[in-house]
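Trainee:
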Amino acid sequence: MAKHVARRDPRAHWLLLLLGLLLLLAALTVNGLVSGLAGGSGNATARPAPDVPAAVGSGGPVLRLDRAEPVSRALPDRTIALTFDDGPDPRWTPQVLDVLRRHGAHATFFVVGARVNEHPELVRRILAEGHEIGSHTFTHANLADVSPWRRDLELSLTRKAVASAAGREVTLFRPPFSSVPTALTGSEYAALRAAAGAGHVAVLTDLDTKDWQRPGADRIVRAATPKQGRGAVVLMHDGGGDRAQTLAALDRLLPALGEQGYRFTTVSAGIDASPSMVPAGVGARLSGTALRWTQTGARWAADVMNVLLATALVLGIARLVVQVVCAQRHVRRVRRPRRDRPEVRAPVSVIVPAYNEAANIAATVRSLMASAYPALEVIVVDDGSDDGTADIVERMRLRGVRVIRQANAGKPAALNTGIRAARANLLVLVDGDTVFQPDTVYRLVQGFADPSVGAISGNTKVANRRRLLGRWQHLEYVIGFNLDRRMYDVLECMPTIPGAIGAFRREVLLRVGGVPSDTLAEDTDLTMKVLRAGWRVVYEESAIAWTEAPSSLRQLWRQRYRWCYGTMQAMWKHRHALRESGAGGKLGRRGLPYLTVFQIVLPLTAPAVDVFAVYGLLFLPWSTLALAWAGLLLLQAATAGYALRLDRERYGPLWALPFQQLVYRQLMYLVVVQSVVTALIGNRLRWQRMVRTGEAAALVGAGRG
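Going by this note's numbering, the sequence shown opens with residue 4, and the numbers climb by one from there.
And the structure:
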């Protein structure tokens, strides 16, 4: 219709959106890597692998492998180096430290870098109480199974995390899932050699208590007790799970072995080596701090996404419950016999604004003239068409049909021209690509028997639904539009009477100043004005109009972009309805919040939800994802099936529902993104006209003859 002057649509935000989504995915990936870390140790009963040097497999647990020949050290007799893996843990590490302090013992803690970033205060306490810290990688990764770059990164990030938390760098290193030297495999030994090249001294164990399996405190004590007074590096855990048994065993082990003359010390002190920790440089501290902030931000991002998903799920379920309850009330109200209501047979003027509608205009007019309604006139307002639209109607020479030509001024101006020319007091506004059934007009106007009703919405259906895109729109019309309209009717806050089919009292249109032209969603704007004028707006499900929906993604984008942008214009224009009473107040406090949440806010968050789904594919069990996806799909299918049954439609199109999530849904929320950006920068969107193909007429059969 009318061409509005506009700057070019903004595009820079697409790059910003893409970068933002990539940043979110990166943050979620970081959180996925550092969350839910597995614990445990390796196999303590294996035999040395053939490619592990004999001196290593049969030697002590402390290994220096940065020389031509490996060097191993063992602890002297009656010397025990207690070592704790997988911490620091906010629950268990403080309790372990309390037990050690109570018995005057020192130990070595092999910390996971990601947990250091979460609890740096525990690292500082460990060191303040005279204990030693070593590296246990950043994410508890099995270094024998990862690529060299990942191995180096795991070690480097852990050193940075400790440097930021305590101002020191670690040199001791225990690989996750390791145990005694005899259990080393060739790949594990190669990983230790590579770590030695980065300045690490490997620490395995003599006695693996397997406390992570929670075998009971008695078995843990027996497993941690050396035989014949020998020294030992003892492997225990202060994180990664429930460590109550470890605490109980430790509280018994320390006094029992102390009475036997054992001393408890750190690994470095136990082998008479110099302190393993060295002061960290400024660069290491700063990079470690940046790493901690990154991890914290990633955790916040994941927490926000979890809250967002939970909120969206709750809102979605609440919306469905309200829709179903309202739909049931609406069906009971409109389908029960109403013999007390007088029949409406007053004259009706049908106004058809048309701009280049040659493909469908003949079918539209014929369907109107084939109406069973007794007193009907049709006014076709040609808004400066250059495809012969007006000529087609005039050549039809149908009684009761008038053609009014005007220079191109836009759809609202064409409608207002028709309103002024109409003779009847009941007006039906119809798009030029819409086809009516014979009983549509009659059913549409019966609601005017109630003097409080100022306007009535009909039931719009997609005619060209043979292709996949048409089926998607058909489902959307039935579920998203018509199911909503039943709810709006019951809640008395109908925000939109579609341009394809709507009926108005003439006095109502005159009172509100006719069809507004200052928004691109003139149908929504007009409906809101009617409500704010104090009239009821209702929905008539049996008044069916067949319309031609966009047949390509490009056309669909243009149509929905205009709809969304225009709806936001109308919402902003009528925002003061929030403070009004009566019908306007119901629109302001029911309709506008609903539109804001479900047509703007939630669609704006949808790209982030899709990124979260990608994150789930990477880090969540596929069985969980499949179950969640199937559950949501079944809920959506049940909703769609219910809506189709209410509209007396076949269930066949339901097969297209899963595929709707792959393209159509994304297109719809990107439309909202584009519309919001356009509104925020103050751009003026121009009218986007859809190219008609005449499929509505062909499929419904109204265009024959």
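A virtual CB, placed ideally from N, CA and C, is assigned to each residue, including glycine.
These numbers come from a predicted model, not from an experiment.
1. Just to check my reading of the structure: D245 and R217 have Cβ atoms closer than 8 Å, yes? What is that Cβ distance to the nearest angstrom?
2. Check M571 in the structure and name its three-state DSSP category.
3. Can you tell me whether K230 is buried or exposed, with buried defined as 16 or more other CB within 10 angstroms of its CB?
4. Taking 7 Å as the limit between beta carbons, can you name the residues of its chain near D434, skipping five residues before and five after?
5. Is there contact here, the segment 671-679 with the segment 552-569, by at least three beta-carbon pairs under 8 Å?
6. Following the continuous beta strand (DSSP E) through H240, name the residue where it begins and the one where it ends.
7. Does the distance from the C-beta atom of N359 to that of S388 stay below 8 Å?
8. Given this structure, state the Cα-to-Cα distance separating H16 from G619, to the nearest angstrom.
9. For the pair the segment 463-478 and the segment 387-406, tell me if three or more CB-CB distances fall below 8 Å.
10. Please identify the residue among V444, T437 and K589 whose C-alpha is closest to the C-alpha of A552.
11. Given this structure, state the Cα-to-Cα distance separating T188 from D69, to the nearest angstrom.
12. Does H579 pass the burial test, meaning 16 or more other C-beta atoms within 10 Å, or should it be called exposed?
13. Just the Cα atoms here: how many angstroms apart are K532 and K576?
14. Quick check on this structure: which residue in I382, G594 and P519 has the alpha carbon closest to the alpha carbon of A357?
15. Out of G457, L175 and G483, state which residue places its alpha-carbon closest to the alpha-carbon of V511.
16. Please state the DSSP three-state secondary structure of W549.
17. So what's I364 in DSSP terms, helix, strand or just coil?
18. So, at 6 Å on beta carbons, what are the nonlocal neighbours of R707 in its own chain, with the 5 sequence-adjacent residues on each side left out?
19. May I have the straight-line CA-CA distance separating K213 from R118, to the nearest angstrom?
20. Which of helix, strand or coil does DSSP assign to K414?
21. Identify the continuous beta strand (DSSP E) that holds F87 and give its terminal residues.
22. What do you reckon, are the CB atoms on D89 and D241 nearer than 8 Å?
23. Within a Cβ cutoff of 6 Å, which residues of the same chain sit near F507, ignoring the five residues on either side of it in sequence?
24. Enumerate, from N- to C-terminal direction, the unbroken alpha helix (DSSP H) stretches of 4 or more residues contained entirely within the segment 99-186.
25. To which residues of the same chain is P93 closer than 6 Å at the C-beta, ignoring the five residues directly before and after it?
26. What residue does the beta strand (DSSP E) around V505 start on, and which one ends it?
27. With H, G and I counted as helix, E and B as strand and the rest as coil, what does DSSP make of D221?
28. If we ignore side chains and look at the alpha-carbon of each, how far apart do A682 and L523 end up?
29. Between which two residues does the beta strand (DSSP E) containing D385 stretch?
30. Can you list, in chain order, the residues of its chain whose CB lies under 7 Å from that of K163, leaving out five sequence neighbours each side?
31. Ends of the beta strand (DSSP E) at A458?
32. Can the beta-carbon of T642 be found less than 8 Å from the beta-carbon of I407?
33. Once you ignore the five residues that flank A573 on each side, which residues in its own chain have a CB closer than 7 Å to its CB?
34. Is there contact here, the segment 271-280 with the segment 160-175, by at least three beta-carbon pairs under 8 Å?
35. Give a yes or no on whether the C-beta atoms belonging to A197 and R154 are separated by under 8 Å.
36. Is it the case that the Cβ atoms of M571 and V540 are separated by a distance below 8 Å?
Mentor: For this structure:
1. 7 Å
2. helix
3. exposed
4. G502, A503 and T550
5. yes
6. A235 to H240
7. yes
8. 26 Å
9. no
10. T437
11. 18 Å
12. exposed
13. 10 Å
14. I382
15. G457
16. strand
17. helix
18. Reliability fails at R707, whose pLDDT of 35 lies under 50, so the model's placement of it is uncertain and no value is given.
19. 21 Å
20. helix
21. T82 to G90
22. yes
23. L430 and A458
24. 116-121, 123-131 and 151-169
25. H122
26. Residue identity differs from the one stated: residue 505 is Gly in this sequence, not Val. Looking at the DSSP string, the run of the beta strand (DSSP E) that includes G505 is G505 to R508.
27. helix
28. 12 Å
29. L379 to D386
30. A287, S290, G291 and L294
31. V456 to V465
32. no
33. T522, A524, T527, D528 and M531
34. yes
35. yes
36. no
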